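Report on one structure; see the data block that follows.
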Amino acid sequence: MNIFRFAGDMTHLISIVVLLLKIYATKSCSGISLKTQELYVIVFLARYLDLFTDFISVYNTVMKLVFIGSSLAIVWCMRMHRAVKRTYDKELDTFRHYFLVLGSFVLALLLHEKFTFQEIFWAFSIYLEAVAILPQLVMLQRSGNVDNLTGQYVFFLGAYRAFYILNWIYRFFTEPHFSRWIACLSGLVQTAFYADFFYYYFISWKNNAKLQLPA
Amino acid sequence: KEEDDVKDEL
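Which chain is which? The protein sequence lines are A and B, in order.
So the first sequence is residues 9 to 223, counted in our numbering.
So the second sequence is residues 52 to 61, counted in our numbering.
Structure representation (structure tokens):
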């Protein structure tokens, strides 16, 4: 494992900790898209089917379980926790995420490494992850004002993607047969979605001002 | 070639 991959995993983990912190500390999930969170649950469950078939390392297994567990906990809080669910901005979270699920699944049936149950679900999870942030980004755009923790959550998620791209570049040059074009192309698309957000995040950081997105 | 197919990323 190279340093970029590790940095990517850590920023991914930090983003989840930031989100859990926001929900637990403020007892509020305002500004957070339940649809994006539900998509992440599907992404992790579909991708980590290999928990039952392949063992890579303790690190991999633990991280997979953490990602599945934390994403389930977040969705549970937003749907079931009495205080938290009252703060959910339902009217701002109207993205039709079922289309993303359907579209990703159809794409996985067409484009995959092997036509097996596990490989189809792996490709599906890669495609779905690429677009899963969209409901969240649309929601931020609609609300305009972004609170600090929500802004940091999205920032760390974007950083995770950026580090994974550096990781692939590194692997491409250091490993003789590294070719994972499905993951790399989807990863590029996914990271591109964050470009706009990053732009406004850095401007607000530079000016030491609250993050505001244009309507 | 076999080991290249291991999906070792998260």
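We put the CB at the ideal spot given by N, CA and C, even for glycine.
As the structure is a computational prediction, the values presented were derived from the model and not from experiment.
Near chain B, meaning a CB-to-CB distance below 7 Å, no residue of the region 78-93 of chain A qualifies. Using a Cβ-Cβ cut-off of 7 Å, A:I64 counts as an interface residue toward chain B, since at least one Cβ of chain B sits closer than that to its own. Apart from sequence neighbours up to five positions away, the residues of its chain that approach A:L196 with a beta-carbon distance below 8 Å are I173, ordered along the chain. In this chain, the alpha helix (DSSP H) harbouring A:N175 covers 156-182. Note on A:W176: 16 or more other CB atoms within 10 angstroms of its CB, so buried under the neighbour-count rule. Using a 10 angstroms sphere on the CB of A:H20, the tally of other CB atoms reaches 16 or more, which defines it as buried. Taking the Cα of A:A223 as reference, the smallest distance to any Cα among A:Y32, A:K214, A:W213, A:Y208 is reached at A:Y208. Within the same chain, A140, I141, P143, Q144 come within 7 Å of A:T44 by CB-CB distance, once the 5 residues on both sides are set aside. In chain order, L61 make up the part of chain B whose C-beta sits under 9 Å from the C-beta of A:M71. Distance from the Cα of A:Q198 is smallest, within the candidate group A:L165, A:R179, A:F180, A:H185, for A:L165.
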